[in-house]
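Visitor: Shown below is the structure under consideration.
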Amino acid sequence: MVRLTIDGKEIEVAEGTNIIEAARRLGIEVPHYCYHPGLSVAGQCRLCMVELGNNPRPQIGCNTQVAEGMVVRTDTPKVLEVRQSIMEFHLINHPLDCPVCDQAGECWLQIYYMKHGLYEPRMVDEKVHKPKAVPLGPHVMLDAERCILCSRCVRFCDEVTGTGELGIFDRGDRSEIGLFPGRELANPYSANVIDICPVGALTDRDFRFAVRVWYLDTAKSICPGCSRGCNIDVHYNIRRPHHNQGRRVARLKPRFNAEVNRWWICDAGRYGYRFVDDPSRLGAPARGRGDAAQEVGWEEIIPLVTAQLRRYRPDEIGVVASPKMANEDFFLLRRLVDHLGLIHVDFRVPPRTPGDEDRILIKADKNPNTRGAELIGLGPRPGGLDARGMLRAARDRRIKCLWVFHHDLQASAWPAAEVGDALRAVECFIYQGSNSNGVSAAAHYVLPSAAWVERDGTFTNFEGRVQRFWKAVEPLGLSLADWEILGRLGAALGLGPEPASAEACFKALAASAAPFAGLSYRELRDTGKVLSA
Amino acid sequence: MAEKILTRNFHLPGSHTLVLYRETGGYAGLEKAFAMKPAEITEEVKKSNLRGLGGAGFPTGVKWGFLPQGHPGPVYLVINADEGEPGTFKDRYLLERDPHALIEGMIISAYAIGAHLAFVYIRGEYVQPWRIFGRAVAEAYEAGLLGKNIRGSGFDLDVIVHRGAGAYICGEETGLISSLEGKKGWPKLKPPFPAIRGAFGAPTIVNNVETICHVPHIMNRGAAWFAGLGTKSQGGTRMYSVSGHVTRPGVYELPVSATLRSLIYEHAGGIPGGRRLKAVVPGGSSAVLLTADEIDVTLDVDGLKNAGTMAGSAGVIVMDETVSIPEALMVVARFYAHESCGQCTPCRESTGWIYKMARRIVEGKGRKEDLDTILDVARRGAGTTICAFFDGAVGPYISYIEKFRHEFEALIRK
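Going down the list, the protein sequences come from chains A and B. Heads up, the first sequence is in the working numbering, so the first residue is 2 and it goes up one at a time. Heads up, the second sequence is in the working numbering, so the first residue is -14 and it goes up one at a time.
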């Protein structure tokens, strides 16, 4: 450990820490553009100047490592003057097109200019012109005039993905970011360059011109796209419902978690939220198949479904849970299954094409909570059938009631005919899920689930880390969180009062399932906890 | 007339050949060096007061001493032959007329610092020097002066000649290293300095052509002799590239204790046509401009430093009374705007901006506040960049305006 003083405050930090990070610990922000803790030090923007001891020349904080007894000042007149100068240099060739720039409102040129601006423009000559609105790949749009050439995007592609699509071409004030010949910015993590771009040079083609960022609210969440459980922020717009074609979820952004995803998420996860505001959402409970289908209220559907569950012998009922459900849902489902004495329970449905995986974040298991389903005991039981076995038994009319959560069985690895035969043969098919799919239309009873952004809950990732996600927006239509539906069904089946909240479900889970013992939402905090088992 | 050392053979036909180099005593310094311990050579170079002749004027022996002791991996010697400072053309003469002096200097220097691989980074536009030097390297290999077990000494040295692609910034030692590594020629953040982590991550010494050409002579005739040729803080002679309004432009080798006045009026023959001297750039375009009455200064590193300018690359650009200083500033500013590598913000943005302002003034569209804006932008940017490029540009920006402000104001008033 090294002890040093920053702006008169003493602090002890690990050897090798730079001044920006050491100051951050003291709550002192050293303005910077090119420095990013997840990338190598470039020292290009020159904004993070600080004064060191008696050195008359300010030094950059990013490339200065702490030393014992170092005296750092980040607030001297000299430092402030240098910041102002550097800000002027950053802006003289900038188009100042904030009113039409997507970055406005979250732009570090705006933020630092408010603090350190010169406010007296001296540049009267023609600015340097560069290419604008250049698609770099499927997700990223470049405006080279807005670029401050911090090289974060270049370093990301060199150092994090190792794909090296981007470079800085030409020199002097004609320098510009660009693709190497024949390349496209299409790596599986390409959109992270938008997040780390401190200005409006790289914008999101999916988000461009959709919503002004100051209308967005944020909820902490977990990406449901695979078993990694990347920490994310859900940016949603409910203040201007007429923007963005009424879609409430505007974008997902990575949220730092040192143990899980650091600063990044993959593109598949980032753009995997579209189902939330999709027309395929199931907005109300429904009974009856095909033309006879009829939307009903929860008061009506709950007794109908419980009656079905009571009508059949336990060995005539099959339950196919989904690893997209939360731990809280699994807990209530497990309780219900045990109460009814059901023996055919499973949650695994293999996808038609195996998931891709890499050594960065992406996991082959495209479900967020396979581990939770395993730990809470929703796998096949001794003597019970697995999911495919249930389908075959349904075809043979040995299983008469099938309750499927979320899965589109038609998109599974199983032959479509096998699935179709089973669903045609089964007497009672209950589908519970957020969106209609290849099998939902065949259901006798539809129980509409809230999407993950419409509820609280927890997922257990591949390494057994239990992580919370928070409700961002209200459930669409009449849909309810799976735990709420299961709570109502449970109450109707005599399992006692419905739990009051997802947190209450988790509390009960922690009290009954050994791996979760001792955990609580409070305990999980923002970054989750790895189960000891 | 002072003794010529580096240029002594320049007038001889075939001065670039190994035969002639040997006939005139070449490779004798190498024999002496091989009889010494490497550390003794470094010590001798330190005592000689040899200073880097590429621009920065750093003591060469001291630089060699920065290498980590007992480094387990390779150490490299890199010769900076990317002579790009406007007004400088001395290394070109050395490469073309005495390439073996550089090769002998490299072998001795590499032996001193423990390098077995040396790179010579030659400016891309220097086609003829590259050809001639390349032939000399081939000759040296054939004669057993390069390669394995040189002259039975047990010392190995290979030389790679690499051509630049036309960027001034690749003469900055870390920009040169980046370029040599196959990357964009961007200077690197310091620390670490090249002596600790240089080319391909290995400890590296980067020296200028002329600097290394002095080394065989220091071996031959001793540090005391070399130091005695110069001033207290800088030994030896130096090659001055004289261009502009003089009767005999060219390269002149003089002891560093000579004065700028004697260089211009005695050696280069003074100003032609009876015109008067207006200003002199004494050390390449990055040096602070001297007015006609500021030329009674010695040409050594410290002499010119004390005069508020720098010896730099010893490129002396002479301007007579017909020169418009605002136009000269515009030309210089265009050069720096064109050559800024663009890596760090102050230099990338302000070189272009200052050029635009200078051009506007020359075009008669200057505004009263432009001069102070140029001065302020130059001062604010100085000292904030990764390398010395912008600080070099600041020399002309400020001195041209401060010393000839009336010429600028006359253009703005019009």
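Think of the CB as a built atom: it goes at the ideal place given N, C-alpha and C, for glycine as much as any other residue. Computed from a predicted structure; not experimentally measured.
Indicate whether A:Leu479 and A:Glu455 have their beta-carbon atoms separated by less than 8 Å.
Guide: It is not a contact, given that the beta carbons lie outside the stated cut-off.
Visitor: Which stretch, first to last residue, makes up the alpha helix (DSSP H) that contains A:Leu392?
Guide: Segment 388 to 396, the alpha helix (DSSP H) holding A:Leu392.
Visitor: Could you check whether the Cβ of B:Arg345 sits closer than 8 Å to any Cβ belonging to chain A?
Guide: Yes, B:Arg345 counts as interfacial toward chain A.
Visitor: Return the bridge partner residues of A:Lys221 from the DSSP annotation.
Guide: A:Lys221 is bridged to A:Asp234.
Visitor: A:Ser533: buried (16+ other C-beta within 10 angstroms of its C-beta) or exposed?
Guide: So A:Ser533 ends up on the exposed side.
Visitor: For the alpha helix (DSSP H) containing A:Leu525, name the first residue and the last one.
Guide: 522 to 525 is the span of the alpha helix (DSSP H), which, as asked, contains A:Leu525.
Visitor: Taking a Cβ distance cut-off of 8 Å, strictly less, list which residues of the stretch 324 to 335 of chain B are near chain A, in chain order.
Guide: Result list: Glu324, Ser325, Cys326, Gly327, Gln328, Cys329, Thr330, Pro331, Arg333, Glu334, Ser335.
Visitor: For a contact meaning CB atoms closer than 7 Å, what does B:Ile371 contact in chain A?
Guide: Going along chain A in sequence order, the residues near B:Ile371 (Cβ under 7 Å) are Gly44.
Visitor: So if I threshold CB-CB distances at 7 Å, which residues from the stretch 79 to 93 of chain A count as touching chain B?
Guide: So the close ones are Val83, Ser86, Ile87, Phe90, His91, Ile93.
Visitor: In terms of residues, what are the limits of the beta strand (DSSP E) holding A:Gly253?
Guide: Going by the sequence as given, residue 253 of chain A is Leu instead of Gly. Segment 250 to 255, the beta strand (DSSP E) holding A:Leu253.
Visitor: Reducing DSSP to helix, strand and coil, say where A:Asn188 ends up.
Guide: It is coil, neither helix nor strand.
Visitor: Tell me which residues of the stretch 161 to 178 of chain A have at least one Cβ-Cβ distance to chain B shorter than 8 Å, keeping chain order.
Guide: Answer set for the stretch 161 to 178 of chain A: Gly168, Ile169, Asp171, Arg172, Gly173, Asp174, Arg175, Ser176.
Visitor: Can you tell me which residues form a DSSP beta bridge with A:Asp205?
Guide: Partner(s): A:Val141.
Visitor: Give me the Cα-Cα distance between A:His340 and A:Pro324, rounded to the nearest whole angstrom.
Guide: Cα to Cα, the separation comes out at about 21 Å.
Visitor: Excluding sequence positions up to five away, which residues of its chain have a Cβ less than 7 Å from the Cβ of A:Val51?
Guide: Taken in chain order, the residues that qualify are Ile20, Val31, Pro59, Gln60, Gly62, Val73, Arg74, Thr75, Val80.
Visitor: Do we get a CB-CB distance below 8 Å when we pair B:Ala322 with the residues of chain A?
Guide: Yes, contact with chain A.
Visitor: DSSP beta-bridge partners for B:Asp418?
Guide: With chain B covering only -14 through 399, there is no way to say anything about residue 418 of chain B.
Visitor: Taking A:Trp404 as part of the beta strand (DSSP E), name the residues at either end of that continuous run.
Guide: Per DSSP, A:Trp404 belongs to the beta strand (DSSP E) from 402 to 406.
Visitor: Whole angstroms are fine: how far does the CA of A:Val277 sit from the CA of A:Leu186?
Guide: Going by the C-alpha atoms only, they are around 27 Å apart.
Visitor: With a Cβ-Cβ cutoff of 8 Å, do B:Val30 and B:Gly46 count as a contact?
Guide: Closer than 8 Å, so yes.
Visitor: Straight-line CA distance for B:Pro201 to B:Gly90?
Guide: If I take the Cα positions, the gap works out to 5 Å.
Visitor: Suppose contacts are defined by Cβ-Cβ distances below 8 Å. Is B:Ala296 in contact with B:Lys75 by that definition?
Guide: Not in contact: B:Ala296 and B:Lys75 (Cβ atoms no closer than 8 Å).
Visitor: Note the first and the last residue of the continuous alpha helix (DSSP H) segment covering B:Tyr385.
Guide: Element bounds for B:Tyr385: 374 to 388.
Visitor: Assign A:His407 to one of two classes, buried (16 or more other C-beta atoms within 10 Å of its C-beta) or exposed (fewer than that).
Guide: A:His407 should be labelled buried.
Visitor: Does the Cβ-Cβ distance between B:Leu360 and B:Ile397 come in under 8 Å?
Guide: No; because the gap between Cβ atoms is not below 8 Å, this pair is not in contact.
Visitor: So does the stretch 338 to 345 of chain B actually touch the stretch 170 to 182 of chain B, counting three or more Cβ pairs closer than 8 Å?
Guide: Contact between the stretch 338 to 345 of chain B and the stretch 170 to 182 of chain B is absent, because fewer than three Cβ pairs lie under 8 Å.
Visitor: Quick one: using the 10 Å Cβ neighbour count with 16 as the cut-off for buried, is B:Ile197 buried or exposed?
Guide: It counts as buried.
Visitor: Within the same chain, show all residues whose beta-carbon is closer than 6 Å to that of B:Ala103, passing over the 5 residues directly before and after it, in chain order.
Guide: Counting only Cβ-Cβ distances below 6 Å, and skipping sequence neighbours, we find Leu62, Met91, Ala95, Val144.
Visitor: Opposite A:Gln60 in the DSSP bridges: which residues?
Guide: A:Gln60 pairs with A:Val51.
Visitor: At which residue ranges does the stretch 285 to 348 of chain B contain complete alpha helix (DSSP H) runs of 4 or more residues, listed in the order of the chain?
Guide: Listed in chain order, the complete alpha helix (DSSP H) runs (minimum 4 residues) inside the stretch 285 to 348 of chain B are 286 to 291, 310 to 324, 330 to 347.
Visitor: Per DSSP, what kind of secondary structure is A:Thr77 in: helix, strand or coil?
Guide: Note: A:Thr77 maps to coil in three-state DSSP.
Visitor: Name, going along the chain, the residues of the stretch 121 to 138 of chain A whose beta-carbon falls closer than 7 Å to a beta-carbon of chain D.
Guide: Looking at the structure shown, chain D is missing, and the protein chains on hand are A and B.
Visitor: So with Cβ pairs under 8 Å, would you call B:Leu284 a contact of chain A?
Guide: Answer no: the Cβ-Cβ gap between B:Leu284 and chain A never drops below 8 Å.
Visitor: Would a check of beta-carbon distances place B:Met295 closer than 8 Å to chain A?
Guide: For B:Met295, the answer is no, since every Cβ of chain A falls outside 8 Å of its Cβ.
Visitor: Smallest Cα separation from A:Arg209: which of A:His445, A:Leu481, A:Pro139?
Guide: Ranking A:His445, A:Leu481, A:Pro139 by Cα distance to A:Arg209 puts A:Pro139 first.
Visitor: Taking three-plus beta-carbon pairs below 8 Å as touching, is the stretch 81 to 89 of chain A in contact with the stretch 359 to 374 of chain B?
Guide: Verdict: yes, contact present.
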